[in-house]
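A.B. asks:
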Amino acid sequence: MNICPHSHPGDAASAEAPGCVRKAVRRAAERRTVLLIDGCPQVHAIVEGQLRDLNLDVYQVNSGSEALLQLGDWLPDLVLVDCQLPDFAAMEMLQKLHAQAHPRPISIIFLTSPDDDSVPGVALEEGAVEFLRKPLRAMELRARVRAVLNARALLCGLEYQARHDSLTGLLNRDGLLPRIEECLSRVNAGLKSHFALLVLDFDHFKQLNDAYGHDAGDDLLRQAAARVCATTRIRDLIHNDASELPIARLGGDEFAVLLEDLHDPTDAEEVAKRLIQELSREYSIDELRVASSISIGIVHGSHSHTNAGGLLRDGDAAMYEAKAAGRGCHVVFDSALRRRIERKANTERELRLAVESQQLTLAYQPIINLESGRFVGLESLLRWQHPKLGAVSPADFIPVAVNSGLIGPIGDWVLKKACIEFKQLQQQMGENAPDFIAVNVSRRQLTDTGLPAKISAVLAASGIDPKCLHLEITESELVTNLAAAKGTMREIKRLGVALSVDDFGTGYSSLASLYDFPIDVFKLDRSFIAADLTSERGRALMAVTHAVLQLARNIGVRVIAEGVETFPQLAVLQSLRCDMAQGYLLGRPMPLGQILAWSRTAVARMAT
Ligand code: C2E
Ligand code: MG
Ligand code: MG
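In my numbering, the protein residues as written are 181 to 788.
#1: Tell me whether L562 counts as near ligand 1, meaning its Cβ is closer than 7 angstroms to at least one heavy atom of that ligand.
#2: Between the alpha carbons of L334 and V325, how many angstroms are there, rounded?
#3: If contact is defined by three or more beta carbon pairs under 8 angstroms, each pair taking one atom from either stretch, is the region 472–483 in contact with the region 335–355?
#4: If we ignore side chains and look at the alpha-carbon of each, how far apart do R507 and A471 end up?
#5: Taking the alpha carbon of L776 as the reference point, which residue from D441, Q608, E601, P646 has its own alpha carbon closest?
#6: Secondary structure at I360, three-state DSSP: helix, strand or coil?
#7: Along the alpha helix (DSSP H) that carries N389, what are the first and last residues, could you check?
#8: Grab me the residues of K703's own chain with a C-beta within less than 6 angstroms of its C-beta, minus the 5 sequence neighbours each way, in chain order.
#9: Return yes when the C-beta of D494 is under 7 angstroms from any heavy atom of ligand 2, and no when it is not.
#10: Report, in whole angstroms, the separation of the C-beta atoms of A618 and H650, which I expect to be a contact under 8 angstroms.
#11: On the premise that E320 lies in contact with L312, defined as a C-beta separation below 8 angstroms, what is that separation, rounded to the nearest angstrom?
#12: Report yes if the CB atom of G687 is closer than 8 angstroms to the CB atom of S656, and no otherwise.
#13: Please classify M544: is it buried, with 16 or more other beta-carbons within 10 angstroms of its beta-carbon, or exposed?
#14: Can you list the alpha helix (DSSP H) stretches of 4 or more residues lying completely in the region 217–296, in chain order?
#15: Do you know offhand how far C200's Cα is from L251's?
#16: Would you be able to state if there are at least three C-beta pairs under 8 angstroms between the region 374–389 and the region 438–448?
#17: Ligand 3 heavy atoms versus the CB of D759: any closer than 7 angstroms?
#18: Please say whether V299 and A270 have beta carbons closer to each other than 8 angstroms?
#19: With a threshold of 7 angstroms (Cβ to nearest heavy atom), would E657 be considered close to ligand 2?
#20: Pull up the distance between the alpha-carbon of D705 and that of L558, whole angstroms please.
#21: Should C758 be labelled buried (16 or more other beta-carbon atoms within 10 Å of its own) or exposed?
#22: Please output, in chain order, the residues near ligand 2 using a CB cut-off of less than 5 angstroms to any non-hydrogen atom of the ligand.
#23: Using the three-state DSSP reduction, which class does V728 fall into: helix, strand or coil?
#24: Pick out the complete beta strand (DSSP E) segments inside the region 303–353, 3 residues or longer, and give them in chain order.
#25: So what's K790 in DSSP terms, helix, strand or just coil?
#26: Give the single residue among L216, R343, F577, L550 whose Cα lies nearest to the Cα of L357.
#27: Give the secondary structure of A618 by DSSP, where H, G and I count as helix, E and B as strand, and everything else as coil.
#28: Using a Cβ distance threshold of 8 angstroms, determine whether the region 528–536 contacts the region 574–587, with at least three qualifying pairs required.
#29: Suppose contacts are defined by Cβ-Cβ distances below 8 angstroms. Is D696 in contact with V737 by that definition?
#30: Is the Cβ-Cβ distance between R429 and D354 less than 8 angstroms?
#31: Can you give me the Cβ contacts of L215 inside the same chain, cut-off strictly under 6 angstroms, excluding the 5 residues immediately before and after it?
#32: Tell me where the beta strand (DSSP E) around E434 begins and ends.
#33: With a threshold of 7 angstroms on Cβ separation, who are the neighbours of A318 within its own chain once the five nearest residues in sequence on each side are excluded?
#34: Just verifying my parser: in three-state terms, what is the DSSP assignment at F602?
#35: Count the other C-beta atoms from every protein chain shown that fall within 10 angstroms of the C-beta of A369, then say buried if there are 16 or more, exposed otherwise.
#36: Closest to L459 by CA distance: which of D297, D398, F382 is it?
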């Protein structure tokens, strides 16, 4: 007898999506297989005869050892096993069948002798799903076989769904995790096997989805799945025909490829390069032609990984590094990246403590009107005095606060504190008080639709005039959040609050798009005010500054030059009729309590 290896209905995906989906459906309709293990030729004849018109492939063997020889990759949908085999006792056979099938479930019907009352109960306890008494009766045999096969098909279908992505037919995260665990256990068992995990993500999928709709997005993902399969399977994956490809859609536009058996670890980078090339090619969706680059994170399997989830997390981290490095490239997870991630996690933990134990304070930096020399404004700048590390730079902790979401509560606190302290200063300084307080807000705060309501509550509580509050938004953040930020900014503007573009000139914004925003002030980045004004670069930068100032005047926007450190810089800005300036030369950021004393000496200095 010839037993052909045959996959069960839950078996996976073909190499080409959307074929993946088609193949899964076709497989469910394939003929199901039954294996009979019985030493009696008459039973063979009866079973074959009775099951003939049930559209089944029936395979028959005479002994337990013969059956075990055949079961490996192949598992029949149902096993009929006699309880009186020549070579194994009934329960031993049952255990061996389960062990051979592990971890896949196996459906077994026991065939017992008419007078045996003890075997059926024990067999059911040991994992047989049914039993039939001999002599076999045709109707009963057919009904039981049909019922068991139907129940199994249902179970396999559910299992398939739980481990697969319905859009592409590829594995999903739950389907991939056990495959990674298998690779890890090979490495941990000291086998000389090398594997790597690639995590892929489209760089502009959201824009494509938003612009062309979800159907187009789904179509692109199916085509992308096909390209991933086609690009990786040929040279890099060693897998037998019936097994599922170790490729998964993790969710959204994120895919993962497990290179299970690499001859050379550096091959993973070659695969990544090919994937970047293939997946960045144009896609045809109906009449449309769209394209997007992809970023890939690579993580090599090693002893340092204790579980599959950790490996996926590191692959994800490397993929985000690739995005931060400019997108359309790959990054390999290494010890330096691990240290950076740990440092960030530490900073985040300590920042949470800092908020609770009031280690955060505000410093204020003065802003001067260049025509009159008057002290006209203050910028509030967050300070963190760490009990052990001392002062931590905002450049280090603000990004961590933004990514962890901590910037929400911190930003609320800054806004409230700055407005209340500004009101105190106004009361102390009377008519010499500055006109405005500028508060930095992050991208996260701007996309919070509750921000305008928070601002108006703070204005009411502190009692400051709305026009005394300036909100500073970094140009780069404005550019990447144009649509989301626009509505919130208009609402804030309606409250009477002024808006400034911070670090202007560093965010590559198109001037036309900036014009759509209700902007009052450009804060010219300090990189425009070169240290050496007589150098060729210095002169070129001054020409750019001159052009920006002219443009700003034409559209009614005022300009504050940042980072003024020397008198020649100040003189040039005055000659170019820049409105205001801020910098160490004029006043360093300082606690509120020092502003009054500073303003007295500053006014005296300006006068000379
Ligand atoms: P920014 O808003 O552009 O603030 C100006 C930065 O330039 C401040 O750095 C200030 O200390 C520094 N600076 C001022 N004058 C000079 C100068 O003459 N020379 C030089 N070299 N630097 C000068 P700081 O305080 O380290 O803040 C860095 C950034 O952190 C800020 O840049 C702002 O983007 C962010 N930040 C600070 N406080 C907050 C806050 O409360 N919320 C948010 N979201 N971001 C904040
Ligand atoms: Mg600022
Ligand atoms: Mg700035």
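Cβ coordinates follow ideal geometry from the N, Cα and C atoms, glycine included. Please read all numbers here as calculations on a predicted model, not as lab measurements.
C.D. replies: According to the structure data:
#1: Within the sequence shown, numbered from 1, the residue matching residue 562 stands at position 382. With a cutoff of 7 angstroms, L562 counts as near ligand 1, since its C-beta is closer than that to a heavy atom of the ligand.
#2: As a first step, residue 334 is located in the sequence shown; it is residue number 154 there, counting from the start. As a first step, residue 325 is located in the sequence shown; it is residue number 145 there, counting from the start. Rounded to the nearest whole angstrom, the C-alpha separation of L334 and V325 is 14 angstroms.
#3: The region 335–355, when compared against the region 472–483, does not touch it at the 8 angstroms Cβ threshold.
#4: As a position in the sequence shown, residue 507 is number 327, starting the count at 1. As a position in the sequence shown, residue 471 is number 291, starting the count at 1. Those two C-alpha atoms are separated by around 14 angstroms.
#5: For the purposes of this step, residue 776 is taken as residue 596 along the sequence shown, with counting starting at 1. That would be Q608, whose Cα lies nearest to the Cα of L776.
#6: Taking the first residue of the sequence shown as 1, we reach residue 360 at position 180. Three-state DSSP puts I360 in a helix.
#7: By one-based count along the sequence shown, residue 389 stands at place 209. N389 -> alpha helix (DSSP H) spans 385–392.
#8: Numbered from its first residue, the sequence shown carries residue 703 at position 523. Close CB contacts of K703 within its chain, under the 6 angstroms cut and outside five residues either way in sequence, are with S680, D682, F684, I740, E742 (chain order).
#9: In the sequence shown, the residue the question calls residue 494 occupies position 314. Using a cutoff of 7 angstroms, the CB of D494 does not count as near ligand 2, since none of the ligand's heavy atoms is closer than that.
#10: By 1-based counting over the sequence shown, the position of residue 618 is 438. By 1-based counting over the sequence shown, the position of residue 650 is 470. Rounded, the Cβ-Cβ distance is 4 angstroms, consistent with contact.
#11: Residue 312 sits at position 132 when you count from the first residue of the sequence shown. Residue 320 sits at position 140 when you count from the first residue of the sequence shown. Yes, they are in contact, since the Cβ atoms of L312 and E320 sit about 6 angstroms apart, within 8 angstroms.
#12: The count along the sequence shown starts at 1 and reaches residue 687 at position 507. The count along the sequence shown starts at 1 and reaches residue 656 at position 476. Yes, the pair counts as a contact, with Cβ atoms nearer than the cut-off.
#13: Start at 1 with the first residue of the sequence shown, and residue 544 comes out as number 364. Reading off the sequence, residue 544 comes out as Tyr, not Met. When all chains shown are included, Y544 counts as buried.
#14: Listed in chain order, the complete alpha helix (DSSP H) runs (minimum 4 residues) inside the region 217–296 are 221–231, 244–250, 270–281.
#15: Along the sequence shown, one-based indexing puts residue 200 at 20. Along the sequence shown, one-based indexing puts residue 251 at 71. Because C200 sits at a pLDDT of 36, beneath the cut-off of 50, its placement in the model cannot be relied upon, and the point is left open.
#16: Segment contact: the region 438–448 against the region 374–389, three or more CB-CB distances shorter than 8 angstroms; contact assigned.
#17: Within the sequence shown, residue 759 is the residue found at index 579, counting from 1. Not under cutoff, so the answer is no.
#18: Taking the sequence shown and counting its residues from 1, the one referred to as residue 270 is at position 90. Taking the sequence shown and counting its residues from 1, the one referred to as residue 299 is at position 119. Contact check for A270 against V299 passes: the beta carbons are separated by less than 8 angstroms.
#19: Position 477 of the sequence shown, counted from the start, is the residue given in the question as residue 657. Remark: the shortest separation between the CB of E657 and any heavy atom of ligand 2 does not fall under 7 angstroms.
#20: Against the sequence shown, residue 705 aligns to sequence position 525. Against the sequence shown, residue 558 aligns to sequence position 378. Cα to Cα, D705 sits roughly 17 angstroms from L558.
#21: Residue mapping note: residue 758 aligns to position 578 of the sequence shown, counting from 1. Here C758 is buried, its C-beta having at least 16 other C-beta atoms within 10 Å.
#22: Counting every residue whose Cβ lies closer than 5 angstroms to a heavy atom of ligand 2, we get N620, E652, D682.
#23: In the sequence shown, counting from the first residue as 1, residue 728 sits at position 548. Residue state, collapsed to three classes: helix.
#24: Listed in chain order, the complete beta strand (DSSP E) runs (minimum 3 residues) inside the region 303–353 are 310–313.
#25: Residue coverage of the chain in this structure runs from 181 to 788, which leaves residue 790 outside it and unanswerable.
#26: Position 177 of the sequence shown, counted from the first residue, corresponds to residue 357. Per the C-alpha coordinates, the member of L216, R343, F577, L550 positioned closest to L357 is R343.
#27: If you number the sequence shown from 1, residue 618 lands on position 438. Three-state DSSP puts A618 in a strand.
#28: These segments touch.
#29: Counted from its first residue, the sequence shown places residue 696 at position 516. Counted from its first residue, the sequence shown places residue 737 at position 557. The answer is no: Cβ separation not under 8 angstroms.
#30: Translated into positions along the sequence shown, residue 429 becomes position 249. Translated into positions along the sequence shown, residue 354 becomes position 174. Contact flag unset, no.
#31: Walking along the sequence shown from the start, residue 215 turns up at place 35. Its chain contains Y239, P256, V259 as the residues whose beta carbon lies nearer than 6 angstroms to that of L215, once the 5 sequence neighbours on both sides are disregarded; these appear in chain order.
#32: As a first step, residue 434 must be located in the sequence shown, where it is residue number 254. Per DSSP, the unbroken beta strand (DSSP E) holding E434 starts and ends at 434–442.
#33: Reading the sequence shown from its first residue, position 138 is the one you call residue 318. Within the same chain, and ignoring the five residues on either side of A318 in sequence, the residues whose Cβ sits closer than 7 angstroms to its Cβ are Q230.
#34: Within the sequence shown, residue 602 is the residue found at index 422, counting from 1. DSSP places F602 in helix when its eight states are reduced to three.
#35: Working through the sequence shown from its first residue, we reach residue 369 at position 189. Exposed, by the Cβ-count rule.
#36: Your numbering for residue 459 matches position 279 in the sequence shown. The shortest C-alpha separation from L459 is found at F382.
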